[in-house]
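Numbering (the numbering used here), first residue to last: 1 to 931.
Built from N, CA and C at the ideal position, the CB exists for glycine as well.
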């Protein structure tokens, strides 16, 4: 309520009352309160100000310098202004606040100082946001520059501890069975004992049960919390009267915790808890990245979320200097969404400021140029005349001076500057200011994009702004002739009226969201800020349409979920490729040794049967590894003639085993089917993808039919199919099918009906892309409840398909023999290959690395040809082959790779894929040694 002594309310004080900043009027040298507005009471608490001196109303401010400043303004007549000034107040919230304020003398008719005008803003949230950003910036620097991964948790704990001003911060691992916490090193404030060592958690309460459930724990006073009250003495003995714990759960088990301890009772603020959670998340991500985990993208996403969500404008600029070292221009390398709102500059990224803001004042270039050269951060306020705005700017250099990059964080303070100027001129011309404020209010009422309303507690609206018609479509007459509850969604009516009733009782402003009905029967989400008027049973409210924001949130959440699933599948593919490569190394000596035993007819008939069986199993393992490599995307698209009958029947058993007992798999291939031009490995993956989709579409079981026929028997061809001869490969199921909406989006990347974690939404899009890349087409036919049929139209190959044979033929080394220099870091692979070479008539010199092989050659070791593994520690096989060709021209080389596509191997180098038989090795030797 307005507190004012001896003066009737007038329009001037009504304006002060409605201002967003706090205002007070003090009289006499003792600074007696004559007036305070509601914002002043919200900041300081209701202390019955009128008629009291400042020292009497604020005894806790003694010693903080404010009384002395007031005395100085009164005695000198000079105004005083300060920004982000800390002040400790005894209020319900408690703790330290920060204010921007102005002390301006009030003069009587004779010109003597008779009082002081006090005005300003509570900027606590802004200061805390800046402190939070500074802490996160320091954390980012520590995590970015830290070379020792094990030291990162301590470094992060130190930054967090100093930022929060607590007693202790640290990270510890937890033995969930023994219920113990092990701490290697923690950060502590001076005089606080470390927790380094092993601690039995049950001796300090039952909060470990909350940690196991993955709960974020925040305890204000251990004496009062039921989880710690019985062990409060032990906790206080460890300087932990209050604490926060952030659990780390992996695979459903509690494995670690971030702990923040304070030796006194502490009311943890939401921004402090959010900062602790942020530190926990970012530090863990950095540690995982340092140990080889793929956490870099997650860290970048967190940064991007903060970058996109912060209300302040932000940009990274690149400076241009002249020969004298003066900044003459700068370019916007990166901007956040708030940049456009704060500046009005559209599509500024990548452009020079001279292009988008011609005529910008010289001081902007000088300040930013100085930051770029010296590395000293600056904080200042200045006006940008071409933009017609004032800014509060914090600029700091990124990288070194040579990078010429500066990060700029800024807020548009045009309104605040205008308010300050109005406050300074208020005492001289109050009535003129009131008239201007009234005009501005009327203009705001008419032009505001938000819905403004004045209503009573009986449920009727007495005044509505034009924005209601723009947002919801209702006319002013319709809105004022019906209770406002009738425009609220029925599920939101009771909560809305309950909030308004509570506001009526408390007389405090409130904020809530609900759904409001439009004239076309739809509903829109609206964010309401409602304030009661103190002199009447009415209230005023501001409503902002959240429709677009809600839609963006939903789209962002769906995109993030799809991206996370895609990242999981990419990681699985990389792991599969690595495992398959290792299996190839294991299979090479197995197949080579079995092949040699079979060819030398070691043992009798029984032993030969066993050797033949083992060799067949090894060959099947080789085929499986090739499919794993195809899954890992380690094989490029290599089109050749493919026998669809052989391919489909070769996959039938695999599809049956992955489909389960409730699904029948049938194969129908037309006789005399021509070979298709395709990549066999990629086509196998496509068929497997389609079979898995078919299986998932039949949760209760059914039949999968895989068929192939000639184009003339397949019916009309797709409209997008080019001219030529084609065969059709089809996968049909008897499952749930697709409706028209799903069918239209089936090939969109990341579109999936399986739910998060059950599919990437990439399967059909990849198959569609494969068919197009091969010069064919994919057609989907489906109806809801009637199953699905997917046809792949593939071009006919001009060549005949090669039918693989189990008979490798006689081993015979064509071309010349001589000394073979064999290089492989795997002893078993090297030994097996050496035996094959010697059996082919070669003398073999072995080396376990490229460096050792070069050393042997340089020391005079003669060799006629080089056989080298590709992936080895240090120098690769490709690099060794190039070195040999450069130093010893004409020497044949052969590169052996565990990846089927020879990843990293130059295409012009002869190569052999592991595993291989002696016949395959002999054939390659013949090719490279025959002149």
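Rounded to whole angstroms, the separation of the alpha carbons of residue 156 and residue 139 is 6 Å. Taking 3 residues as the shortest admissible run, the stretch 386 to 421 contains the following complete beta strand (DSSP E) segments, listed from N- to C-terminal end: 389 to 398 and 405 to 412. Residue 777 is not a Cβ neighbour of residue 873, given a cutoff of 8 Å. Per DSSP, residue 468 is one residue of the alpha helix (DSSP H) stretching across 467 to 471.
Within the model, the alpha-carbon separation for residue 503 versus residue 321 is close to 58 Å. Straight-line measurement puts the Cα of residue 367 at about 38 Å from the Cα of residue 548. Counting along the chain, no alpha helix (DSSP H) covers residue 511; the unbroken beta strand (DSSP E) around it starts and ends at 510 to 517. Distances from the CA of residue 223 to each of 20, 265, 132 and 317 were compared; the closest alpha carbon is that of 265. With 16 or more other Cβ atoms inside 10 Å of its own Cβ, residue 276 counts as buried. Counting along the chain, residue 744 sits inside the alpha helix (DSSP H) bounded by residues 740 to 745. Residue state for residue 320 is assigned as strand, using DSSP reduced to three classes. Nearest neighbour of residue 909 by Cα position, chosen from 883, 917 and 738, turns out to be 883. In the DSSP annotation of this structure, residue 268 is not part of any alpha helix (DSSP H), being labelled neither H nor E. When the beta-carbon positions are compared, residue 485 and residue 472 stay at least 8 Å from each other. The distance from the Cβ of residue 393 to that of residue 315 is about 11 Å, inconsistent with a contact at the 8 Å cut-off. Looking at 698, 421 and 540, the one whose alpha-carbon comes closest to that of residue 787 is 698. Measuring C-alpha to C-alpha distances from residue 184 to each of 418, 271 and 151 identifies 151 as the nearest. Sequence-distant Cβ neighbours of residue 244 in its own chain, meaning closer than 7 Å and more than five residues away, are 217, 218, 260, 268, 273 and 276. Bounds of the beta strand (DSSP E) holding residue 821 are 819 to 823. Between residue 406 and residue 372, the gap from beta carbon to beta carbon is short of 8 Å. The C-alpha of residue 210 is placed about 24 Å away from the C-alpha of residue 194. Between the alpha carbons of residue 425 and residue 191 lies a distance of about 53 Å.
In this structure, the alpha-carbon of residue 544 lies about 20 Å from that of residue 478. Counting only runs of 4 or more residues that sit fully inside the stretch 639 to 664, the alpha helix (DSSP H) segments are 644 to 659, in chain order. Here the alpha carbons of residue 168 and residue 30 stand approximately 45 Å from one another. Under the rule that a run must span 3 or more residues, the beta strand (DSSP E) segments found entirely inside the stretch 664 to 705 read 676 to 678.
Our two residues, residue 162 and residue 278, have alpha carbons roughly 15 Å apart in a direct line. Residue 115: member of the beta strand (DSSP E) spanning 113 to 122, first to last residue. The beta-bridge partner set that DSSP reports for residue 365 is empty. Residue pairing by DSSP leaves residue 905 without any beta bridge partner.
In the assembly as shown, residue 22 is a buried residue. Its beta-carbon has 16 or more other beta-carbons within 10 Å. Its Cα nearest to that of residue 857, the residue 821 stands out among 821, 843, 826 and 403. For residue 702, the closest alpha carbon among the candidates 664, 613 and 684 is that of 664. Taken through DSSP and simplified to helix, strand or coil, residue 501 comes out as helix. According to the DSSP secondary-structure assignment, residue 455 is paired through a beta bridge with 461 and 539.
Contact check between the stretch 48 to 63 and the stretch 97 to 111: fewer than three CB pairs, one atom from each, fall below 8 Å, which does not count as touching.
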